[in-house]
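Asks: Take this structure, written in structure tokens, and hold onto it; I'll ask about it next.
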Amino acid sequence: MKIYTRKGDKGKTSLIGGTRVLKHHIRIESYGTVDELNSWLGVIRDLATDEGVRTLLKEVQDRLFTIGSSLAADPEGIKMILPDLKASDVKALEKDIDRMNESLPELKTFILPGGHLTASYCHVARCVCRRAERMIVALGTQDAVDELIIQYMNRLSDHLFVLSRYLAYKDGAEEIAWNPRKS
Numbered sequence: 004m005k006i007y008t009r010k011g012d013k014g015k016t017s018l019i020g021g022t023r024v025l026k027h028h029i030r031i032e033s034y035g036t037v038d039e040l041n042s043w044l045g046v047i048r049d050l051a052t053d054e055g056v057r058t059l060l061k062e063v064q065d066r067l068f069t070i071g072s073s074l075a076a077d078p079e080g081i082k083m084i085l086p087d088l089k090a091s092d093v094k095a096l097e098k099d100i101d102r103m104n105e106s107l108p109e110l111k112t113f114i115l116p117g118g119h120l121t122a123s124y125c126h127v128a129r130c131v132c133r134r135a136e137r138m139i140v141a142l143g144t145q146d147a148v149d150e151l152i153i154q155y156m157n158r159l160s161d162h163l164f165v166l167s168r169y170l171a172y173k174d175g176a177e178e179i180a181w182n183p184r185k186s
């Protein structure tokens, strides 16, 4: 299989189902941002030393491929069966958020990203996740988008925030509290 086809050389790409759209189409931006997020999760997974975290992140990466395939499909022209997201996928993130939160000190202030390399990457991924979520919501104003995708992305950004705190805490890093400047 050749990696290059030259079909995108004029700024268009194909959705699953065959429809050609411009590469800046909100659908392409949406699943492209999900792909970017997935790449950041690969970095975090490679840096994480906790096997449970690594296992969960691999599952999340799989779910992001599921989301990407849904977003990459032409809602009108798709004839194939795609993998689906389930409510239990959202529940799994919530369960892990609760598990990690049990061992963390109470959050009493906003915290600045930083203080620990893996935690910092979690913050980057959280921001990319939020951007993907915003794009998917925008896409939903033009085409049908499964609301479970939006729920999953929303919960995943929460998960990444808690994961940043959890990994920093486990490695003994100090959280950097945001102390607003007084005028």
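Basically our numbering = 1-based index in the sequence shown + 3. C-beta: ideal position from N, C-alpha, C; glycine also.
With respect to the alpha helix (DSSP H) encompassing GLY143, which residues constitute its N-terminal and C-terminal limits?
Replies: Element bounds for GLY143: 120-143.
Asks: I need the straight-line Cα distance from TRP43 to HIS119, nearest angstrom please.
Replies: Each residue's Cα considered, the two are about 16 Å apart.
Asks: Identify the continuous alpha helix (DSSP H) that holds GLU62 and give its terminal residues.
Replies: Segment 54-74, the alpha helix (DSSP H) holding GLU62.
Asks: I'd like to check one pair, THR121 with ALA51: are the Cβ atoms closer than 8 Å?
Replies: Closer than 8 Å, so yes.
Asks: Does the separation of the CB atoms of VAL37 and LEU67 fall below 8 Å?
Replies: A contact, by the Cβ cut-off of 8 Å.
Asks: Count the other C-beta atoms from every protein chain shown that fall within 10 angstroms of the C-beta of MET4, then say buried if there are 16 or more, exposed otherwise.
Replies: That one is exposed.
Asks: At which residues does the alpha helix (DSSP H) containing ASP38 begin and terminate?
Replies: Its alpha helix (DSSP H) spans residues 29-50.
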